[in-house]
Amino acid sequence: MTRPRHDRSLSFGSAAAAYERGRPSYPPEAIDWLLPRGARHVLDLGAGTGKLTTRLVERGLDVVAVDPIPDMLEVLRSSLPETRAVLGTAEEIPLEDNSVDAVLVAQAWHWVDPERAIPEVARVLRPGGRLGLVWNTRDERLGWVRELGEIIGSDGDRGRFDVGLPAPFAESERHQVEWTNYLTPQALIDLVASRSYCITSPTEVRTRTLDQVRELLATHPALANSTGLAMPYVTVCIRATLAE
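The sequence shown begins at 306 in the working numbering and counts up by one.
The following block contains the structure:
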């Protein structure tokens, strides 16, 4: 991982509460597709505040959450006190060899150094285990969502999901799930405030960005006077199995 990208990934700690309030969870269909049949022990790598962790725990899985940011793990522990949560990175995973059936990485693989992370993931996976990557992206075919992207940056660049998972993993597979997340106007503000671009921008840029989002909420015909918003998402999933 290059140093600037590493520094940006660590910036999320200052917005952990906004991240938890504003970021969406993940659709069950995506999780079903990512998990291997019969999985019991799962590593949520780059777990953040536990958006995916919560969904895995709800399935009765034995989950370990790993993240490099203490503030994120503090939020996770407050909602999932019985789940093991450990400081660590994809490049140095604090787990034993052959200890998990699946490693899932939600909204985080683009922050890691794959040349160092792939061997580490392979080390902690059992033979035949699964690496699954997942990203929520806003569906900008809807007018107001497209206008939001003009303010905060588009989610439309699918090229960033052209991820190669080399040996010792078998050929990777790809899947997409379209779904809708329902949130309040304030949660949308929190969503924007939790983006790395907004967090690391100078105060005046951050303030201007959030003011533009508030103006969109107040003036767009589909949003004005609404107490609830329907945000369409396309969830992009990639999976690959470790060779036995």
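A virtual CB, placed ideally from N, CA and C, is assigned to each residue, including glycine.
Neighbour-count burial assignment, Gly351, 16 or more Cβ in a 10 Å radius: Buried, by the Cβ-count rule.
Spatially closest choice to Thr532 from Ala523, Tyr538, Thr540, by CA coordinates: Of the candidates Ala523, Tyr538, Thr540, the one whose C-alpha sits nearest the C-alpha of Thr532 is Ala523.
Gly434 versus Val539, Leu534, Gly343, Asp337, residue with shortest Cα-Cα distance: Gly434 has its Cα closest to that of Gly343, out of Val539, Leu534, Gly343, Asp337.
Per-residue burial, Leu392 [other beta carbons within 10 Å of its own, 16 or more giving buried]: Exposed, by the Cβ-count rule.
CB of Val405 within 8 angstroms of CB of Leu438, strictly: Not a contact, by the Cβ cut-off of 8 angstroms.
Minimum C-alpha distance to Ile494 - residue among Ala321, Ala322, Gly327: Closest in alpha carbon position to Ile494, among Ala321, Ala322, Gly327, is Gly327.
Alpha carbon of Leu546 to alpha carbon of Ala475, nearest angstrom: Reading off the sequence, residue 546 comes out as Thr, not Leu. Cα-Cα distance, rounded: 6 angstroms.
Proximity below 8 angstroms, CB of Leu488 to CB of Leu534: Going by C-beta atoms, Leu488 is nearer than 8 angstroms to Leu534.
Chain-order list of residues whose beta-carbon lies under 7 angstroms from that of Leu315 (same chain, five-residue window excluded): Residue confidence is low: Leu315 scores 45 on pLDDT, short of 50, so the model does not pin down where it sits. No coordinate-derived value is stated.
Close-in-space but distant-in-sequence residues of the same chain around Ile543 (CB under 6 angstroms, 5 per side omitted): The beta carbon of Ile543 sits closer than 6 angstroms to the beta carbons of Leu438, Val468, Ser477, Arg479 from its chain, once the five residues preceding and following it are set aside; these are given in chain order.
Alpha-carbon spacing of Tyr538 relative to Ala427, whole angstroms: Rounded to the nearest angstrom, the gap between the Cα atoms of Tyr538 and Ala427 is 30 angstroms.
6 angstroms Cβ shell around Val482 - same chain, five flanking residues per side excluded: Counting only residues of its own chain and dropping the five nearest sequence neighbours on each side, Val482 has a CB closer than 6 angstroms to the CB of Pro332, Glu334, Ala335, Thr540.
Own chain partners of Arg451 with C-beta closer than 7 angstroms, once the 5 adjacent residues on each side are dropped: Cβ contact annotation for Arg451 (same chain, cutoff 7 angstroms, sequence separation greater than five): Glu445, in chain order.
His415 in three-state terms, based on DSSP: Helix, per DSSP.
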